[in-house]
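These protein sequences, in sequence, are chains Z and V. Just so we're aligned: 18 in the numbering used here is position 18 of the first sequence, and the numbers increase by one with no gaps anywhere. Just so we're aligned: 18 in the numbering used here is position 18 of the second sequence, and the numbers increase by one with no gaps anywhere. C-beta atoms are modelled at their ideal positions from N, C-alpha and C, and glycine is treated no differently. Since the structure is predicted, the reported quantities are computational estimates derived from the model, not experimental observations. See below for the structure under consideration.
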Amino acid sequence: MERNLEKTMDNVTNVEGVIGCILADRQGLCLGAKGSASGQSAGLIAAIADEVAKLEPESNAPIIALESDNRQCIIQRQGPIVGAIYKAISP
Amino acid sequence: MLSMERIPEQIGYLVLKEDGAVLTSGGELENDERIANIIMSLITLTDTIDPKAFASDETFNKISITYEDHCYVICLSNKKVHIVKKKITALTSSQEQQQQHLPVIA
Numbered sequence: 001m002e003r004n005l006e007k008t009m010d011n012v013t014n015v016e017g018v019i020g021c022i023l024a025d026r027q028g029l030c031l032g033a034k035g036s037a038s039g040q041s042a043g044l045i046a047a048i049a050d051e052v053a054k055l056e057p058e059s060n061a062p063i064i065a066l067e068s069d070n071r072q073c074i075i076q077r078q079g080p081i082v083g084a085i086y087k088a089i090s091p
Numbered sequence: 001m002l003s004m005e006r007i008p009e010q011i012g013y014l015v016l017k018e019d020g021a022v023l024t025s026g027g028e029l030e031n032d033e034r035i036a037n038i039i040m041s042l043i044t045l046t047d048t049i050d051p052k053a054f055a056s057d058e059t060f061n062k063i064s065i066t067y068e069d070h071c072y073v074i075c076l077s078n079k080k081v082h083i084v085k086k087k088i089t090a091l092t093s094s095q096e097q098q099q100q101h102l103p104v105i106a
């Protein structure tokens, strides 16, 4: 199972513009982190996904995007897993 | 807030003070304190995301929450939190091309 996760994360970080990705479980525990991503933020990412899920509990999980001047953090829950992708925004 | 109402495809908006109090609102988000509270706690959570990927002085200036047919866009301006709920209409490929070319023409 880990091998599948590792492969998926490798595929994601190989995409142009992606600088890192992280996967967390329902409790906010880190399942894996690749590239420029720290496992410490797994809890925070799961908490953000939980907080946003309260907005519209009946709708499907939304995509949450946080943007700074040159970076972007995209978070989405897929079933029991929360994934976050960090991207560099090209000017 | 006429300017918020003029945003294209807008179906609701909220303007909050930094402490979360509702200043103005309209459309589907009129006086929606539940949404206001959730957004305020979301903003508090996003204070520091990942020290490895984002520098400590690198702050987020926009949050968007995208559902299938609508989205919420949140940003801070003039010490107020602006939240807009927008409808998403699928673009046809020619419109998409047009949008991509707009900055080049301008």
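| Query | Result |
| --- | --- |
| Please confirm whether V/A55 and Z/S36 have their CB atoms less than 8 Å apart. | no |
| Using the Cβ count rule (16 or more neighbours within 10 Å means buried), how would you classify V/T46? | buried |
| Does the pairing of the segment 7 to 17 of chain V with the segment 65 to 79 of chain Z give three or more beta-carbon distances under 8 Å? | no |
| Below 7 Å between beta carbons is the criterion; list the residues of the segment 39 to 59 of chain V that meet it against any residue of chain Z, in chain order. | S41, L42, L45, T46, I49, D50, P51, K52, A53, F54, E58 and T59 |
| Apart from the five residues on each side of it in sequence, which residues of its chain come closer than 8 Å, Cβ to Cβ, to Z/E56? | P62 |
| Express the C-alpha separation of V/N31 and Z/N70 in angstroms, rounding to a whole number. | 34 Å |
| Using only the alpha-carbon positions, how far apart do V/G26 and V/E5 sit? | 8 Å |
| What do you reckon, are the CB atoms on V/I65 and Z/V52 nearer than 8 Å? | yes |
| Counting only beta-carbon separations shorter than 8 Å, does V/Y67 have a partner in chain Z? | yes |
| Measuring only between beta-carbons, confirm whether V/K79 sits less than 8 Å from chain Z. | no |
| Please list, in chain order, the chain V residues whose beta carbon lies closer than 8 Å to that of Z/E51. | I38, S41, L42 and L45 |
| Checking the sheet assignment: what are the DSSP bridge partners for Z/R71? | Z/A88 |
| So which residues on chain Z does V/K62 lean against when the C-beta distance must stay under 9 Å? | A65, L66, E67 and S68 |
| List the endpoints of the continuous alpha helix (DSSP H) containing Z/A46. | A42 to A53 |
| Let me make sure I understand the geometry here. Which of Z/I89, Z/L66 and Z/I22 has the alpha-carbon closest to that of Z/V82? | Z/I22 |
| Look at the Cβ atom of V/C75, then the Cβ atom of V/K86, and state whether they are nearer than 8 Å. | no |
| Let me know the secondary structure DSSP gives V/I63 once reduced to three states. | strand |
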